[in-house]
Amino acid sequence: MTRTATLGIALASGLMMASPALAQEAGYLYRTIDAEGVMRDLAPRGTAHSVAREWNEVLLEAIRHDKARPTVHARNLYHTSAAMWDAWAAYDDTADQVFHIERQTAGDVQAAREEAISYAMYRMMSHRFTGSVGAAVTLPLIEAQMTYDTGVTTLIGDTPAALGNRIADTIITYGASDGANEANDYENLWYTAVNDPLFPDFPGNPDISDPNRWQPLAIEFFVDQSGNPIPLGSLEFLSPEWGIVPGFAIDPGDITMHPREGFPYPVCHDPGPPPLFNGVGDDYYRWGNEMVVVWSSHLDPTDGVNIDISPNSFGNSPLPGVNDWATYYDFFNGGDSGTGWATNPVTGLPYPQQVVPRGDYAR
156 MTRTATLGIA
166 LASGLMMASP
176 ALAQEAGYLY
186 RTIDAEGVMR
196 DLAPRGTAHS
206 VAREWNEVLL
216 EAIRHDKARP
226 TVHARNLYHT
236 SAAMWDAWAA
246 YDDTADQVFH
256 IERQTAGDVQ
266 AAREEAISYA
276 MYRMMSHRFT
286 GSVGAAVTLP
296 LIEAQMTYDT
306 GVTTLIGDTP
316 AALGNRIADT
326 IITYGASDGA
336 NEANDYENLW
346 YTAVNDPLFP
356 DFPGNPDISD
366 PNRWQPLAIE
376 FFVDQSGNPI
386 PLGSLEFLSP
396 EWGIVPGFAI
406 DPGDITMHPR
416 EGFPYPVCHD
426 PGPPPLFNGV
436 GDDYYRWGNE
446 MVVVWSSHLD
456 PTDGVNIDIS
466 PNSFGNSPLP
476 GVNDWATYYD
486 FFNGGDSGTG
496 WATNPVTGLP
506 YPQQVVPRGD
516 YAR
């Protein structure tokens, strides 16, 4: 199996699970607490999961309890997946490694791999999540998952534990200088917002100075996507400088440099500039912003407007070119020009209508 394929599997296996809470309890490998607070069993201990899958579950739970910052956790997913791959590949004669290049041998390769992976993940996750806002939940989960002696911290020797520790040390050292500013909790190094914050509690936007640049929001009491309250102030632009942080699927030829004010802003697969107010694409800028205002008027579920959201009415519309946007979207009523399908191709029967308040669907 190739390195790329294995990294993809490691990432996908972690992302496919969506349990809100994780606990190791007697008789079960994983349990989840649903939105109603009911404990539900995910996988009996007899269920066969790889050690990589088990560590991925703990990582995802750590992410759920941290701040909602997708760029930071995409990096965590990449680095931990690479760490597990490097530990696995160390016991293979031909597999390419990502960060830590080393070969080892073992009488029981499977056991050695599991131990090396566990030490690498334990060291990396302990390092990355010690300062997390959810550390009180996350760190006990990491300890519970680690079934080997955590006192073995040596980087010297040919044991699987030492190998795992070296892999973690290599990636931790790499991460200290990859441009993410991990040492300062990933704060922006040079980017500052041009516009003053918008206060949604007040009408209008009188303080904006450049409509073509990003504007922060100032919300009196904000709760992020992970449920963390952030009182007062405005949110920082998340990772605007991270074009400098190396990824795992970008070729140097895919990068376009956009220096500004003496600082680098690499852009991968650059699609070109967006429509600009009073600039190139001004008509599209105004049309798009006006559509947001008009379509926002569709969000009231008590306005008495009902729509059919079944395949009978939605879909079956080719994606438009840029010049066809105006006819593709229904500016005043919402939706697009799709006419739906007359019959279900499997049953040959018409789709039953699914009539709902437009405001519920639009929200």
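Last residue of the sequence shown: number 518 in my numbering, and the count goes up by one each step with no gaps.
For each residue, glycine too, the CB sits at the ideal point set by N, CA and C.
Quiz item: What is the DSSP secondary structure of Tyr484, reduced to helix, strand or coil?
Solution: In the sequence shown, counting from the first residue as 1, residue 484 sits at position 329. Correct three-state label for Tyr484: strand.
Quiz item: In terms of alpha-carbon separation, which member of Thr285, Ile322, Thr305 lies closest to Ala237?
Solution: Counting from one through the sequence shown, the residue named residue 237 turns up at place 82. Ranked by how close their Cα comes to the Cα of Ala237, the residues Thr285, Ile322, Thr305 have Ile322 in first place.
Quiz item: Counting along the chain, where does the alpha helix (DSSP H) carrying Pro315 start and finish?
Solution: Within the sequence shown, numbered from 1, the residue matching residue 315 stands at position 160. Per DSSP, Pro315 belongs to the alpha helix (DSSP H) from 315 to 330.
Quiz item: In three-state terms, what does DSSP make of Pro419?
Solution: Taking the first residue of the sequence shown as position 1, residue 419 is located at position 264. Coil at Pro419, not helix or strand.
Quiz item: When the Cα atoms are used, what is the spatial distance from Asp313 to Tyr246?
Solution: The residue you call residue 313 lines up with position 158 of the sequence shown. The residue you call residue 246 lines up with position 91 of the sequence shown. Straight through space, the alpha carbons of Tyr246 and Asp313 are spaced by roughly 12 Å.
Quiz item: With C-beta atoms as the reference, is Thr325 less than 7 Å away from Phe254?
Solution: Mapped onto the sequence shown, residue 325 falls at position 170. Mapped onto the sequence shown, residue 254 falls at position 99. For Thr325 and Phe254, yes; Cβs fall inside 7 Å.
Quiz item: Using DSSP with H/G/I as helix, E/B as strand and the rest coil, what is Ser273?
Solution: Taking the sequence shown and counting its residues from 1, one reaches residue 273 at position 118. Reduced to three states, the DSSP call for Ser273 is helix.
Exercise. Determine, using beta carbons only, whether His424 and Arg513 come nearer to each other than 7 Å.
Key: Along the sequence shown, read from residue 1 onward, the residue named residue 424 stands at position 269. Along the sequence shown, read from residue 1 onward, the residue named residue 513 stands at position 358. No. Outside cutoff.
Quiz item: CB Gly153 to CB Phe469, shorter than 7 Å?
Solution: One cannot answer for residue 153 here, as it falls past the ends of the chain, which runs 156 to 518.
Quiz item: Can you pull the DSSP bridge partners for Ala373?
Solution: Position 218 of the sequence shown, counted from the start, is the residue given in the question as residue 373. Looking at the DSSP assignment, Ala373 forms a beta bridge with Ser389.
Quiz item: How long is the line joining the alpha carbons of Val288 and Pro225, rounded to whole angstroms?
Solution: The residue given as residue 288 occupies position 133 in the sequence shown. The residue given as residue 225 occupies position 70 in the sequence shown. Those two C-alpha atoms are separated by around 15 Å.
Quiz item: For Leu372 versus Leu353, is the C-beta spacing smaller than 7 Å?
Solution: Start at 1 with the first residue of the sequence shown, and residue 372 comes out as number 217. Start at 1 with the first residue of the sequence shown, and residue 353 comes out as number 198. With contacts defined as CB atoms closer than 7 Å, Leu372 and Leu353 qualify as a contacting pair.
Exercise. Within 10 angstroms of the Cβ of Trp369, are there 16 or more other Cβ atoms? Answer buried if so, exposed if not.
Key: Reading the sequence shown from its first residue, position 214 is the one you call residue 369. Around the C-beta of Trp369, fewer than 16 other C-beta atoms lie within 10 Å, and the residue is accordingly described as exposed.
Practice problem: Pick out the complete alpha helix (DSSP H) segments inside the stretch 257 to 308, 4 residues or longer, and give them in chain order. | Solution: 264 to 284, 290 to 300
Quiz item: Hey, Ile399 and Gly503: beta-carbon distance below 7 Å or not?
Solution: Numbered from its first residue, the sequence shown carries residue 399 at position 244. Numbered from its first residue, the sequence shown carries residue 503 at position 348. Ile399 is not a Cβ neighbour of Gly503, given a cutoff of 7 Å.
Quiz item: What separation, rounded to the nearest whole angstrom, lies between the Cα atoms of Arg219 and Asp356?
Solution: Within the sequence shown, residue 219 is the residue found at index 64, counting from 1. Within the sequence shown, residue 356 is the residue found at index 201, counting from 1. Their backbone Cα atoms lie some 29 Å apart in a straight line.
Exercise. Just tell me which of Asp351, Pro315, Glu257 has its CA closest to the CA of Leu390.
Key: Position 235 of the sequence shown, counted from the start, is the residue given in the question as residue 390. Among Asp351, Pro315, Glu257, the Cα nearest to that of Leu390 is on Asp351.
Quiz prompt | Top-ranked residue by Cα proximity to Asp463, from Trp243, Gln508, Ser381 | solution = Sequence index remark: in the sequence shown, residue 463 carries index 308 (1-based). Ranking the options by Cα distance to Asp463, first place goes to Gln508.
Practice problem: Would you list the residues sitting across from Ile363 in a DSSP beta bridge? | Solution: Position 208 of the sequence shown, counted from the first residue, corresponds to residue 363. Its beta-bridge partners do not exist; DSSP assigns none.
Quiz item: DSSP puts Met412 in a beta bridge; with which residues?
Solution: For the purposes of this step, residue 412 is taken as residue 257 along the sequence shown, with counting starting at 1. DSSP lists Pro421 as partners of Met412.
Quiz item: Who are the near neighbours of Asn461 in its chain, counting only those whose CB is closer than 7 Å to its CB and skipping five residues on each side?
Solution: As a position in the sequence shown, residue 461 is number 306, starting the count at 1. Excluding positions up to five away in sequence, the list reads Val510, Val511, Pro512, Arg513.
Self-check item: Per-residue burial, Asn320 [other beta carbons within 10 Å of its own, 16 or more giving buried]
Solution: Position 165 of the sequence shown holds residue 320. Classification for Asn320: buried.
Self-check item: Own chain partners of Lys222 with C-beta closer than 7 Å, once the 5 adjacent residues on each side are dropped
Solution: Residue mapping note: residue 222 aligns to position 67 of the sequence shown, counting from 1. Correct list, in chain order: Val288, Asp379, Ser381, Asn383.
Practice problem: Give a yes or no on contact between the stretch 248 to 262 and the stretch 289 to 308, applying the rule of three or more CB pairs nearer than 8 Å. | Solution: Taking 8 Å as the limit for Cβ pairs, the verdict is that the stretch 289 to 308 does not touch the stretch 248 to 262.
Practice problem: Decide if the stretch 432 to 440 is in contact with the stretch 399 to 411; the criterion is three or more beta carbon pairs, one per stretch, under 8 Å apart. | Solution: no
Quiz prompt | Given 8 Å, three or more beta-carbon pairs between the stretch 226 to 234 and the stretch 202 to 210 | solution = Counting C-beta pairs with one atom in each stretch, the stretch 226 to 234 and the stretch 202 to 210 have fewer than three that are closer than 8 Å, which means they do not touch.
Quiz prompt | Asp241 burial status per 10 Å Cβ neighbour count (16 or more: buried) | solution = Residue numbering aside, residue 241 sits at position 86 when the sequence shown is read from its first letter. Burial call: buried.
Quiz item: With a Cβ-Cβ cutoff of 7 Å, do Pro426 and Ile410 count as a contact?
Solution: Start at 1 with the first residue of the sequence shown, and residue 426 comes out as number 271. Start at 1 with the first residue of the sequence shown, and residue 410 comes out as number 255. Result no, Cβ atoms of Pro426 and Ile410 do not sit closer than 7 Å.
Practice problem: Identify, in the order they occur along the chain, each residue of the same chain with its Cβ nearer than 6 Å to the Cβ of Ser465, setting aside the five sequence neighbours on each side. | Solution: To locate residue 465, count along the sequence shown from 1; it is residue 310. Closer than 6 Å at the Cβ level, and outside the excluded window around Ser465, lie Tyr506, Gln508, Gln509.
Self-check item: Reference Ile557, options Ala348, Phe377, Asn478, Arg283, closest by Cα
Solution: The question about residue 557 has no answer here: the residues shown for the chain are numbered 156 through 518.
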